[in-house]
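Engineer: For the sequence shown, UniProt numbering assigns the number 1 to the initial residue and increments by one for each residue that follows.
Cβ atoms here follow ideal geometry from the backbone N, Cα and C, with glycine treated the same way.
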Amino acid sequence: MEPVIYLRGQSAVGEDARGRRRQIDFDAPPSQLRGLVTLYLPRPSRIKEITITLQGKSRTDWPEGIGPNRLDTVEESIIFSQKVILFTSRDAQSPHRTRRRASSVGPGINWTKDEIERRAKDSTTAPSSTTPSPLVSPALIPSPPATSDDPSNGGREFPKGTFNYPFSIPLPSNLPPTLHADFGSNAYSIRAHVHRAGPLTSNLSSEMEVTLVHAPDENGSEEVESIVVERNWEDALRYMIVVMGKSFPVGGKIPIWAKFVPMEKVRIHRIFATLEERTAYYAKGRRVARHEVPRRWTLLKILPVSDTPSFKSPSSNNKGILPILSENTNAIMDSPLANMTRAAAAAYSGAVGSAEKEEAMSFALASLADPSGPWEFAMELEVPTGTSTRINISSNHLKSNIAVHHIVRLSIRVERLDAYGSASAESIPESQRKLYDILIEAPVAINHSHTANAWLTLPDYWSVPPPP
Numbered sequence: 001m002e003p004v005i006y007l008r009g010q011s012a013v014g015e016d017a018r019g020r021r022r023q024i025d026f027d028a029p030p031s032q033l034r035g036l037v038t039l040y041l042p043r044p045s046r047i048k049e050i051t052i053t054l055q056g057k058s059r060t061d062w063p064e065g066i067g068p069n070r071l072d073t074v075e076e077s078i079i080f081s082q083k084v085i086l087f088t089s090r091d092a093q094s095p096h097r098t099r100r101r102a103s104s105v106g107p108g109i110n111w112t113k114d115e116i117e118r119r120a121k122d123s124t125t126a127p128s129s130t131t132p133s134p135l136v137s138p139a140l141i142p143s144p145p146a147t148s149d150d151p152s153n154g155g156r157e158f159p160k161g162t163f164n165y166p167f168s169i170p171l172p173s174n175l176p177p178t179l180h181a182d183f184g185s186n187a188y189s190i191r192a193h194v195h196r197a198g199p200l201t202s203n204l205s206s207e208m209e210v211t212l213v214h215a216p217d218e219n220g221s222e223e224v225e226s227i228v229v230e231r232n233w234e235d236a237l238r239y240m241i242v243v244m245g246k247s248f249p250v251g252g253k254i255p256i257w258a259k260f261v262p263m264e265k266v267r268i269h270r271i272f273a274t275l276e277e278r279t280a281y282y283a284k285g286r287r288v289a290r291h292e293v294p295r296r297w298t299l300l301k302i303l304p305v306s307d308t309p310s311f312k313s314p315s316s317n318n319k320g321i322l323p324i325l326s327e328n329t330n331a332i333m334d335s336p337l338a339n340m341t342r343a344a345a346a347a348y349s350g351a352v353g354s355a356e357k358e359e360a361m362s363f364a365l366a367s368l369a370d371p372s373g374p375w376e377f378a379m380e381l382e383v384p385t386g387t388s389t390r391i392n393i394s395s396n397h398l399k400s401n402i403a404v405h406h407i408v409r410l411s412i413r414v415e416r417l418d419a420y421g422s423a424s425a426e427s428i429p430e431s432q433r434k435l436y437d438i439l440i441e442a443p444v445a446i447n448h449s450h451t452a453n454a455w456l457t458l459p460d461y462w463s464v465p466p467p468p
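1) On the premise that Val404 lies in contact with Thr211, defined as a C-beta separation below 8 Å, what is that separation, rounded to the nearest angstrom?
2) Taking Gln55 as the reference, which of His180, Tyr348 and Ser81 has the closest Cα?
3) What did DSSP end up calling Ser133 once you bin it into helix, strand or coil?
4) Taking DSSP as the reference, what is the three-state secondary structure of Asn453?
5) So what's Glu157 in DSSP terms, helix, strand or just coil?
6) With respect to the alpha helix (DSSP H) encompassing Ala347, which residues constitute its N-terminal and C-terminal limits?
7) Enumerate in chain order the residues of its own chain whose CB-to-CB distance from Tyr282 is below 6 Å, with the five nearest sequence positions on each side excluded.
8) How is the alpha helix (DSSP H) around Phe363 delimited, first residue to last?
9) Is Leu300 near Ala331, with beta carbons less than 7 Å apart?
10) If you run the structure through DSSP and keep just helix, strand and coil, what is Arg70?
11) Counting beta carbon pairs with one atom in the region 445 to 456 and one in the region 248 to 258, are three or more of them shorter than 8 Å?
12) Where does Leu439 sit, in a helix, a strand or coil, going by DSSP?
13) So, does the region 44 to 53 touch the region 186 to 193, judging by three or more C-beta pairs under 8 Å?
14) Identify the residues that DSSP records as bridge partners of Gly35: which are they?
15) Considering Ala331, what are the terminal residues of the alpha helix (DSSP H) in which it resides?
16) Among the residues of its own chain, which have a CB less than 6 Å from the CB of Ser89, if the five just before and after it don't count?
17) Can you name the residues that DSSP bridges to Asp61?
18) Use the C-beta contact count for Asn396: other C-beta atoms within 10 angstroms, 16 or more gives buried, fewer gives exposed.
19) Looking at the secondary structure, which residues open and close the beta strand (DSSP E) in which Phe183 lies?
20) Output needed for Ala345: all residues of its chain with C-beta closer than 6 Å, excluding positions within five of it in sequence on either side, in chain order.
21) Measure the alpha-carbon distance for Ser247 versus Ser411 and round it to whole angstroms.
22) Starting from Ser372, follow the beta strand (DSSP E) in both directions and report where the run begins and ends.
23) Bridge partners for Val414 per DSSP, in chain order?
24) Could you name the residues that DSSP lists as bridge partners for Asn232?
25) Using a Cβ distance threshold of 8 Å, determine whether the region 253 to 272 contacts the region 221 to 241, with at least three qualifying pairs required.
26) For Ser206, which residues in the same chain have their Cβ closer than 8 Å to its Cβ, ignoring the five residues on either side in sequence?
27) Near Pro443, which residues of its chain fall below 6 Å by C-beta distance, leaving aside the five closest residues on each side in sequence?
28) Tell me which same chain residues have a C-beta within less than 6 Å of the C-beta of Pro176, skipping the five on either side of it?
29) Cβ atoms of Arg270 and Arg413: under 7 Å apart, would you say?
30) Nearest to Val266 by CA position, among Pro42, Lys434, Tyr40 and Arg59, is which residue?
31) How about Met340 and Met379: are their beta carbons less than 7 Å apart?
32) Would you call the CB atoms of Phe158 and Asp61 closer than 7 Å?
Here is the structure:
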């Protein structure tokens, strides 16, 4: 069976950038769950029926109390359920009843309904009469790979061997994706069941999970549109933050471009970037909600470093990270912002040739030591893969009792140097310094890792190794 089934017609979040509910595209083609049921019989066995059942459940756990007074309440709702009969011994008793792929493609007859109809057309047509006749002749209906039958118990005897039954189940596009949270889940499972005849014969069953993933919207703009935040902090610092995109897969990267233009004497002490996950659980028809404690992952941390080149560790000095005012000649190159400044100058300066790019990068690096700026950076924040702590995908589906939202938060700690009057900022004790945190939040959608371009696009011709 395929490892991941892609659903089209609706995004995983179900909302646009402004939080408005999107309409489901019911004209989107349904997805197909294709697989193969393999039945291995070491000895002849009498079988009544072979079925597969696909079922999706939305589960919510409500723990209350602690210790011996703890009470766990579980609420489940069926999202989707469908049963497909691959083989039944009753087909032999109703000769005019046929179904596609009802026969095995292993040992025995491998006829489908198309072949039966083709053989029926090639056969001699019987004279017309007033009594309606079946469309398919009973003699042309394939029988299961059996050696004998016993109408008393309704079973068919299968010989020793391996039997393969292919199946294909259409899935509507308005299903919620697979999700496993701490206190709930949206899980899909497919179960194959072999009902054997006989009072002392046990039945056979096997079950496995099916992963449903919402494919990126072909008509959407989450991957190409950007989130732009431009503000002015107390007429002292003007900044612009641009998040390149709104939807990112797990393990992917979030490109961010930032520009700071000081309007007064300011100093930046640190820059933090975190990813926050907020989960809400619903019950009783989404009338009751419980919100989980938000989880956070640190994506970026830029702290001031020591002036000593051989000791590049966070220091408790008061010089901050911007502007870089140091007597050390390598202070700019040793700054953690140097590579980000080069990346911004190379990508967004508009330079074409290599010489122009080098000149733009040199000018951008020199501006880091200028108190009047501007300071420009380009960074790529990697979405955690959830190796230590599981990260859930973004989801807010109407059929799901779990809603997950993600926010990228930038925290910039700044200081106004003119807030101390005639006193120097370096002479003020650290406990008396006036520091302010600028918080910038941008809602983003975190999708399944299989929605990355490497999974959705075909490989290039030049990336395929040549034949030996």
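Structural biologist: According to the data block:
1) Contact flag wrong, Cβ pair sits at about 16 Å.
2) Checked all of His180, Tyr348 and Ser81; the closest Cα to Gln55 is Ser81.
3) Residue placement at Ser133 is poorly supported in this model, since its pLDDT is 35, which falls under 50; the coordinates still yield a value, given next. Three-state result, Ser133: coil.
4) helix
5) The three-state reading of DSSP puts Glu157 in strand, counting E and B together.
6) Ala338 to Tyr348
7) Ala289 and Asn401, listed in sequence order.
8) Ser354 to Ser367
9) no
10) Coil.
11) yes
12) strand
13) yes
14) Phe167
15) Ala331 -> alpha helix (DSSP H) spans Ala331 to Asp334.
16) Lys48, Gly154, Gly155 and Arg156
17) Val74
18) buried
19) For Phe183, no beta strand (DSSP E) segment is defined, and its DSSP state is neither H nor E.
20) Ala360, Met361 and Ala364
21) 21 Å
22) Premise fails: Ser372 is in no beta strand (DSSP E) and is neither H nor E.
23) Paired residues: Ile268 and Tyr436.
24) Arg238
25) yes
26) Arg191 and Ala192
27) Ile407
28) Asn186, His397, Lys399 and Ser400
29) yes
30) Lys434
31) yes
32) no
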